[in-house]
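Each residue of the sequence shown is one higher than the one before, counting from 1 in the UniProt record's numbering.
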Amino acid sequence: MTQAKASVAKVIERNLHQLSRTRGFLAAEPGFAVIDGTLVREPAIVAYVRRWLPPESLLPEERLPEAVEGVRIDVVQADPWKALELAQDRLPVAAGLDAAAASALRYEGIEGDPIDEEVTFHGTLVCHAGPDTGWTTLQGFLGGVEERLTVAMYDFSADYIANALIDAVTAANAEVALTIDDDLRENLGDGEESIQERLESRLGARYSASIIFCNSSRRFPSAYHPKVAVRDDTVMWLSSGNWSPASQPPLDPLGKPADARTMFRRGNREWHVIAEDAGLAQLFQRYILHDKAMADSDNAAEPGTSLAMPDLFVSIDELADRAALDLAAPPEPVAPARLPSAPRPIRIQPLLSPDNYARRITEWIEGAERSLYLQYSYIKWSDLGIDAGLKHVLAHLAERSQDEDFDLRIIIGDSSARENARLLAQNGFDESCLRAQSKIHNNVIEYLRDFITLRPTAHRSP
């Protein structure tokens, strides 16, 4: 497509004044058009706007033609990353992402890299999904605390989870150590800042929270994104979902049929696991406390400032009640499963980013011989220098998608599926392997016949 792309780029250059007259115009680029939900593999002009509006909502002079110089025009609302890349007033922030490699503070792992050692697991895994049984199981996990909870969380904005934490810790006279991303928002639930103030007020010295400031000069340039809690040094809760109303909606679909009927309008698809194994729990606890110690030291030396980034998962629009999610037949919630069904050792490879996640996942994806299934809230093609590793993996998947003897199936969240699918197709993917699904927030990679990994989110984004 290189020659055709260059030709379209010249058409854009000659007609930029006409293209830029549409309301909210950001930029125009060569690409593929998506017409009535179908990707058309022919050179086109992709005109990005801040917000897509139907023609009747635009003034006549703001409406673009279907084509210029015989090249089709597709007007697209830029997703958060694209808007960040294109908007002139945000360019310094986007440039900061590439500047991460020159960060003044570098992430330092734990000596010996213990997270990269395979663990022989002898306990029980309580595997469950949200919104089916996410909150009811988490509630029981918190209520079982006796001495301490060690928590790493990206988003803690659910007031009822804060209430449950306060009640459980107060009843047991336990302690809480927490690390949290610096993007403390006040527009969700009770508000993250308000919740943190209430926890500190009610629990006093038993509550110790550390903010992980994220920007190009800090140890985590873009985000601190884990969702992990360790109870009493022996049991670990690991999830793809935050402690937020969207990820842990206060529902009991198994016990209340009315909750089952509306569960996908009120909560995301999440995957959770509780690992009842002291060795694994203490390993993750060690990394949380390591992050906390680094943050406390860094913040004492240089108070942090946050780099506000877009929420790239399920947008707030997705949380609203939508008629499309009122299913003709209510979904059947799935009960938690305790695995293995009979006692036996299980080999587990722990993963954390930026420690060993990217390297291990790359090895496993490239090692798939017959089939590979992925379910992610989004898969975003990137040409940023810091994303060279991701680009390498996606190029490999693009090659696999063209192999008739390889079974590749990918589910992505529908909020940005059109743009993400377009970019993947423009970079070599066979789009027939892609499917979109609403309310997706979990992250899973699986081989058929050769199971590799079920990965709720436990990463700290580099």
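For each residue, glycine too, the CB sits at the ideal point set by N, CA and C.
About 24 Å separates the CB atoms of alanine 6 and valine 49; that is not less than 8 Å, and the two are not in contact. If you look at glutamine 375, you'll find it in the beta strand (DSSP E) that goes 371 to 376.
With contacts defined by Cβ atoms closer than 9 Å, arginine 422 and valine 76 form a contacting pair. For arginine 14, same chain residues with a beta-carbon under 8 Å away, outside a window of 5 residues either side, are Glu69 in chain order. Within the DSSP bridge table, the entry for aspartate 403 names no partner. Proximity of the region 118 to 125 to the region 270 to 279 meets the contact definition, three or more beta-carbon pairs being nearer than 8 Å. When DSSP states are grouped into helix, strand and coil, glutamine 437 belongs to the strand group. Leaving aside the five residues that flank arginine 400 on each side, the residues in its chain whose CB is nearer than 6 Å to its CB run, in chain order, Phe406, Leu408. DSSP places tyrosine 287 in the helix class (H, G or I) of the three-state scheme. For glutamate 108, there are no CB contacts under 6 Å within the same chain when 5 residues up- and downstream are skipped.
Each residue's CA atom was taken as its position, placing glutamate 42 and valine 8 some 11 Å apart. Rounded to whole angstroms, the gap between the alpha carbons of serine 247 and leucine 16 is 42 Å.
If you check the CB distance, arginine 198 and isoleucine 166 come in under 9 Å. DSSP places glutamine 139 inside the alpha helix (DSSP H), whose first and last residues are 134 to 143. Distance from the CA atom of alanine 335 to the CA atom of valine 126, rounded to whole angstroms, is 10 Å.
Among the bridge pairs identified by DSSP, threonine 150 is matched with Ala177, Val230. For aspartate 159, no beta strand (DSSP E) segment is defined; the enclosing uninterrupted segment is the alpha helix (DSSP H) at 159 to 172. Only residues of its own chain outside the window of five on either side were considered, and among them Ala129, Gly130, Pro131, Gln437, Lys439, Ile440, His441, Asn442 have a CB closer than 8 Å to the CB of arginine 269, listed in chain order. Just so you know, the alpha carbons of proline 221 and threonine 179 end up roughly 16 Å apart. Judged by DSSP secondary structure, tyrosine 107 falls outside any beta strand (DSSP E); it is assigned neither H nor E. The count of Cβ pairs closer than 8 Å, one atom from the region 134 to 145 and one from the region 218 to 232, reaches three, so the stretches are in contact.
Rounded to whole angstroms, the gap between the alpha carbons of serine 382 and phenylalanine 141 is 38 Å. When C-alpha distances from proline 250 are compared across Pro80, Leu352, Glu117, Ala158, the shortest belongs to Ala158. Apart from sequence neighbours up to five positions away, the residues of its chain that approach isoleucine 110 with a beta-carbon distance below 6 Å are His290, ordered along the chain.
For glutamate 85 and alanine 27, the gap between their C-alpha atoms comes out near 10 Å. In the three-state reduction of the DSSP assignment, aspartate 74 falls in the strand class. Taking C-alpha positions only, cysteine 214 is separated from serine 201 by approximately 26 Å. Segment contact: the region 202 to 213 against the region 410 to 430, fewer than three CB-CB distances shorter than 8 Å; contact not assigned. Per DSSP, the unbroken beta strand (DSSP E) holding glycine 130 starts and ends at 124 to 130.
Looking at the DSSP output, methionine 263 sits in no beta bridge, so it has no partner there. Residue environment: glutamate 192 is assigned as buried (16 or more neighbouring CB atoms within 10 Å of its CB, all protein chains considered).
Counting only the Cα atoms, histidine 225 lies some 15 Å from tyrosine 376.
Ranked by Cα distance from alanine 47, the options Leu59, Ile12, Glu61, Gly37 are led by Ile12. By alpha-carbon distance to threonine 150, the top candidate from Glu332, Ser216, Lys292 is Lys292.
Burial state of alanine 368 is buried, judged by a 10 Å Cβ sphere holding 16 or more other Cβ atoms. Leaving aside the five residues that flank tryptophan 135 on each side, the residues in its chain whose CB is nearer than 7 Å to its CB run, in chain order, Gln248, Pro249, Pro250, Leu251.
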